[in-house]
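K.L.:
This is the structure I have questions about; it appears just below.
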Amino acid sequence: MPGRTLFEKIWNRHVVTGDDPALLFVDLHLVHEVTSPQAFSGLDFNGRKVRRPELTVATIDHAIPTVDRHVMIRDPQSRKQVETLRQNCARHGITLFDLDDPRQGIVHVVGPENGFTQPGMVIVCGDSHTSTHGAFGALAFGIGTTEVEHVLATQTIWQRRPKTMAVEVDGELPLGVAAKDMILGILATIGVRGGTGHVIEYRGEAVRGLSMEERMTVCNMSIEGGARAGMIAPDDTTFAYLEGRAHAPKGAAWERALDDWRSITTDPDATFDEVTRVSAPSLIPHVSWGTNPGQTVAVSDVVPSPDHFDDPLERDSAARALEYMDLRPGTPITDIPIDHVFVGSCTNGRISDLREAARVVEGRKVRDGVSAVIVPGSMQVKAQAEKEGLDRIFRDAGFSWRDAGCSSCLAMNPDVIPAGERCASTSNRNYEGRQGRGARTHLVSPAMAAAAAINGHFVDVRDWR
Amino acid sequence: MRPVRVVQGTMVPLPRADIDTDQIIPKQFLTRIERTGYGEFLFWDWSRDGGGAPVDGFFTNDPARRGAKVLVAGDNFGCGSSREHAVWAIQDWGFEAVVAPSFADIFKGNSYQSGLLPVELPAETVTELMMAADDPNAIVTVDLERQIVICGDLQASFEIDPTVRDRLLKGLDAIGLTMEHEAAISAYEAQRPEWLPRSVTE
Chain A
10 MPGRTLFEKI
20 WNRHVVTGDD
30 PALLFVDLHL
40 VHEVTSPQAF
50 SGLDFNGRKV
60 RRPELTVATI
70 DHAIPTVDRH
80 VMIRDPQSRK
90 QVETLRQNCA
100 RHGITLFDLD
110 DPRQGIVHVV
120 GPENGFTQPG
130 MVIVCGDSHT
140 STHGAFGALA
150 FGIGTTEVEH
160 VLATQTIWQR
170 RPKTMAVEVD
180 GELPLGVAAK
190 DMILGILATI
200 GVRGGTGHVI
210 EYRGEAVRGL
220 SMEERMTVCN
230 MSIEGGARAG
240 MIAPDDTTFA
250 YLEGRAHAPK
260 GAAWERALDD
270 WRSITTDPDA
280 TFDEVTRVSA
290 PSLIPHVSWG
300 TNPGQTVAVS
310 DVVPSPDHFD
320 DPLERDSAAR
330 ALEYMDLRPG
340 TPITDIPIDH
350 VFVGSCTNGR
360 ISDLREAARV
370 VEGRKVRDGV
380 SAVIVPGSMQ
390 VKAQAEKEGL
400 DRIFRDAGFS
410 WRDAGCSSCL
420 AMNPDVIPAG
430 ERCASTSNRN
440 YEGRQGRGAR
450 THLVSPAMAA
460 AAAINGHFVD
470 VRDWR
Chain B
23 MRPVRVVQGT
33 MVPLPRADID
43 TDQIIPKQFL
53 TRIERTGYGE
63 FLFWDWSRDG
73 GGAPVDGFFT
83 NDPARRGAKV
93 LVAGDNFGCG
103 SSREHAVWAI
113 QDWGFEAVVA
123 PSFADIFKGN
133 SYQSGLLPVE
143 LPAETVTELM
153 MAADDPNAIV
163 TVDLERQIVI
173 CGDLQASFEI
183 DPTVRDRLLK
193 GLDAIGLTME
203 HEAAISAYEA
213 QRPEWLPRSV
223 TE
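First to last, the sequence lines map onto chains A and B. Note that this note's numbering has the first sequence beginning at 10, numbered continuously upward. Note that this note's numbering has the second sequence beginning at 23, numbered continuously upward.
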């Protein structure tokens, strides 16, 4: 029998019936307030029940305020949406991490930190960044609301078998270069459509060397390359992260699980439909200059000219992006002034991200005129950061210290970046209007965002003293 | 879901690549809990200026484009967020099909679920169709049964997943179909490893 990939092994063991399309069993369904109300009303309309409420976990994250949220959600529609989720969860017996629950947070932060996300699982959520959970060697992908309804009713989902792509990141990641820079570098290589129809497995020495939180950052942005999912083989780093977490297996079950998890990695003789290689030692801190996550350059570089692109559509897209971003070709990236800094999101809102940012900030002040905000990815991340005194470092420097949620990543809540203003953001998308109509987003790592807050413009964190 | 067989009507050209779902329906309209009523917000930031006034020349404000049934767009249409609201907004405005050289995976899946027809044609054919669509009265026919697109002299066949095609033609509800596999689902559930996580202990 020819060797099989991690993806193929997980796929094969989840087929309930069919071949292509196959009906896959869903081990974990994550739910949030924005993409679920219509799914629940569809269920109710047809008199259907949630098949496996205990395999479903809900949280509130997308549209909630990050200040004074215990008072009330001011926007009446958001308030109603949150209330609707509460009612739906109560009626169907689904566990909800509500605003007063210490486990509340961004859906892709709370799944892993509570031990729900485990190797070998199929995980879905009505959110495109579900690919985050692939960091554990799970097959995890985003779905739409009609599919949310289908999973609620049947605990299964129909899927066409995607193609496989290996992204081999060879060599060691240099000091001062973050996981965010690795994925931005990968996206600059494969482009925003390169992964379409594929599941990516990130491999190679540099990937093996990443912590679990860094792996989540990489897998999180797989969708930005168009990929259906991104994954990384489970190893001792994965097991060490999982052991002892609330919903991880315990005792004898832990041992059985370990044996199983060790068996699902890609066989040495397995082949991928596509292979892309990226050299880790040549990676440098990245900054996005345009309006899609593939439009990035090294911090030491300049804003590119549209003429730099051969493809006419790419050229048009670059010209349009430069106009929206109000940038001139040839401008050094380090000359771009910043009005806002946002550290947070399912990409970079975890404790190690906050530690990285705090290391840069400690003992310094946010530049006058810059509004800088830290939004922990979950209330557990927030509590841990406060235990370590990171909140003090941030507050002393002039950062605003918030409660957990998606916040300025998509600005569905009041944390909107005003039109014409520029934000160094640790989030995942720099689309037109993403952080607010007319707002200009530059995607960077937490350390790069923190350094920009201190200087009022981008700097190379590798030179940070 | 209503069956989809033939979509016939006028077109709107949107000659841009990588149109993301944040453009199709911006986030401020996602707090609604209904499935309908998104059409008036379609491409909001392109359709309205900062003060909320209609942007001249954009198709949503052009009476000549009202009633169009087919949107013709560039590569990688619908990339980004998984929001099905993007599909609902396109349908709610009146479109029944989108023609593009390629679609983002989640958007394509969402379209199938909601009965919006995503039609993939070679880039040159899409460009030809886009030129034809400059005329707001030009009629296009998208025939799902025969898997062809016809517009004047242009005739092009397209591929579509046969399972999806069948479901769209019949307007079938996927949950009902899946429930026919109840025995297989139960059998699968019975052999899952016991260590897999549960949110509530039974």
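Note that the Cβ used here is the ideal one computed from N, Cα and C, for glycine as well.
1. Please check if any C-beta of chain B sits within less than 7 Å of the C-beta of residue 330 of chain A.
2. Under 7 Å between C-beta atoms, does residue 47 of chain A make it to chain B?
3. Measure from the alpha carbon of residue 31 of chain A to the alpha carbon of each residue in B/207, B/214, B/212 and B/213, then state which is nearest.
4. Check for me: the beta strand (DSSP E) holding residue 383 of chain A runs from which residue to which?
5. Which runs of the beta strand (DSSP E), 3 residues or longer, sit entirely within the stretch 291 to 339 of chain A?
6. Scan the stretch 92 to 108 of chain B for residues whose Cβ lies nearer than 7 Å to a Cβ of chain A and list them as they occur along the chain.
7. Counting along the chain, where does the alpha helix (DSSP H) carrying residue 173 of chain B start and finish?
8. Is DSSP giving residue 31 of chain A helix, strand or coil here?
9. Please list the partners that residue 210 of chain B has in chain C, where partner means a Cβ-to-Cβ separation under 7 Å.
10. On the criterion of 16 or more Cβ atoms from any shown chain inside 10 Å, does residue 332 of chain A qualify as buried, or is it exposed?
11. Taking the alpha helix (DSSP H) that residue 16 of chain A belongs to, which residues open and close that run?
12. With a threshold of 16 other CB atoms inside 10 Å of the CB of residue 13 of chain A, please say whether the residue is buried or exposed.
13. Against residue 74 of chain B, what residues of chain A qualify as contacts under a CB-to-CB distance less than 8 Å, listed in chain order?
14. Taking C-beta pairs closer than 8 Å, name the residues in chain A that residue 83 of chain B reaches, listed in chain order.
15. I'd like to know whether the C-beta of residue 262 of chain A is nearer than 7 Å to at least one C-beta of chain B.
16. Exposed or buried, what is residue 62 of chain B when buried is set at 16 or more other beta-carbons lying within 10 Å of its beta-carbon?
17. Tell me, please, whether the CB atom of residue 54 of chain A is closer than 7 Å to any CB atom in chain B?
18. Beta carbon of residue 222 of chain A, beta carbon of residue 112 of chain A: below 7 Å?
19. Taking its Cβ as the centre, do 16 or more other Cβ atoms sit within 10 Å of residue 58 of chain B, making it buried, or is it exposed?
20. Here's the rule I'm using: 16 or more other beta-carbon atoms within 10 Å means buried, otherwise exposed. How should residue 408 of chain A be labelled?
21. Taking the C-alpha atoms as reference points, what is the distance between residue 367 of chain A and residue 399 of chain A?
22. Taking 7 Å as the cut-off, decide whether the C-beta atoms of residue 139 of chain B and residue 173 of chain B are in contact.
23. Over the uninterrupted beta strand (DSSP E) stretch that includes residue 449 of chain A, give me the two end residues.
24. DSSP has residue 125 of chain B in a bridge; who is on the other side?
25. Inspect the CB distances between the stretch 192 to 199 of chain B and the stretch 31 to 41 of chain A and report whether three or more fall short of 8 Å.
26. Cα separation between residue 348 of chain A and residue 76 of chain A?
27. Starting from residue 192 of chain B, follow the alpha helix (DSSP H) in both directions and report where the run begins and ends.
28. Which bits of chain B does residue 137 of chain A rub up against, with CB to CB less than 8 Å?
P.N.:
Per the coordinate set shown:
1. As a first step, residue 330 of chain A must be located in the first sequence, where it is residue number 321. Chain B, which has no Cβ nearer than 7 Å to the Cβ of residue 330 of chain A, makes this no.
2. As a first step, residue 47 of chain A is located in the first sequence; it is residue number 38 there, counting from the start. Yes, residue 47 of chain A counts as interfacial toward chain B.
3. Taking the first sequence and counting its residues from 1, one reaches residue 31 of chain A at position 22. Selected option, being the one with the closest Cα: B/207.
4. Within the first sequence, residue 383 of chain A is the residue found at index 374, counting from 1. Its beta strand (DSSP E) spans residues 380 to 383.
5. 295 to 297 and 305 to 307
6. 96, 97, 98, 101, 102, 103, 104, 105 and 106
7. Along the second sequence, one-based indexing puts residue 173 of chain B at 151. From DSSP, residue 173 of chain B is part of no alpha helix (DSSP H) but of the beta strand (DSSP E) over 170 to 173.
8. Position 22 of the first sequence, counted from the first residue, corresponds to residue 31 of chain A. Residue state, collapsed to three classes: strand.
9. Here the protein chains are A and B, and chain C is not one of them.
10. Looking up residue 332 of chain A in the first sequence gives position 323. With fewer than 16 other Cβ atoms within 10 Å, it is exposed.
11. The residue you call residue 16 of chain A lines up with position 7 of the first sequence. Per DSSP, residue 16 of chain A belongs to the alpha helix (DSSP H) from 15 to 23.
12. Taking the first residue of the first sequence as position 1, residue 13 of chain A is located at position 4. So residue 13 of chain A counts as buried.
13. Within the second sequence, residue 74 of chain B is the residue found at index 52, counting from 1. Per Cβ cutoff of 8 Å: no residues; residue 74 of chain B is ~10 Å from chain A at best.
14. What you label residue 83 of chain B is simply residue 61 of the second sequence in a count that begins at 1. Per Cβ cutoff of 8 Å: no residues; residue 83 of chain B is ~17 Å from chain A at best.
15. In the first sequence, counting from the first residue as 1, residue 262 of chain A sits at position 253. It does: the Cβ of residue 262 of chain A has a partner Cβ on chain B nearer than 7 Å.
16. If you number the second sequence from 1, residue 62 of chain B lands on position 40. Looking at its Cβ environment, which holds fewer than 16 other Cβ atoms inside 10 Å, residue 62 of chain B is exposed.
17. As a position in the first sequence, residue 54 of chain A is number 45, starting the count at 1. No, its Cβ sits nowhere closer than 7 Å to a Cβ of chain B.
18. As a first step, residue 222 of chain A is located in the first sequence; it is residue number 213 there, counting from the start. As a first step, residue 112 of chain A is located in the first sequence; it is residue number 103 there, counting from the start. Not closer than 7 Å, so no.
19. One-based indexing of the second sequence puts residue 58 of chain B at position 36. Exposed, since its Cβ has fewer than 16 Cβ neighbours within 10 Å.
20. In the first sequence, counting from the first residue as 1, residue 408 of chain A sits at position 399. Residue 408 of chain A is buried by the Cβ-count criterion.
21. By 1-based counting over the first sequence, the position of residue 367 of chain A is 358. By 1-based counting over the first sequence, the position of residue 399 of chain A is 390. So the two alpha carbons sit approximately 6 Å from each other.
22. Position 117 of the second sequence holds residue 139 of chain B. Position 151 of the second sequence holds residue 173 of chain B. In this structure, residue 173 of chain B does not lie closer than 7 Å to residue 139 of chain B by Cβ.
23. Locating residue 449 of chain A in the first sequence gives position 440, where the first residue counts as 1. Note, residue 449 of chain A: beta strand (DSSP E), 449 to 452.
24. Here residue 125 of chain B is taken as the residue at index 103 of the second sequence, counted from 1. Answer is B/99.
25. no
26. Here residue 348 of chain A refers to the residue found at position 339 when the first sequence is read from its first residue. Here residue 76 of chain A refers to the residue found at position 67 when the first sequence is read from its first residue. Whole-angstrom Cα-Cα distance: 20 Å.
27. By 1-based counting over the second sequence, the position of residue 192 of chain B is 170. It spans 184 to 192 - the alpha helix (DSSP H) in which residue 192 of chain B sits, taken as one unbroken run.
28. Position 128 of the first sequence, counted from the first residue, corresponds to residue 137 of chain A. In chain order: 102, 103, 104 and 128.
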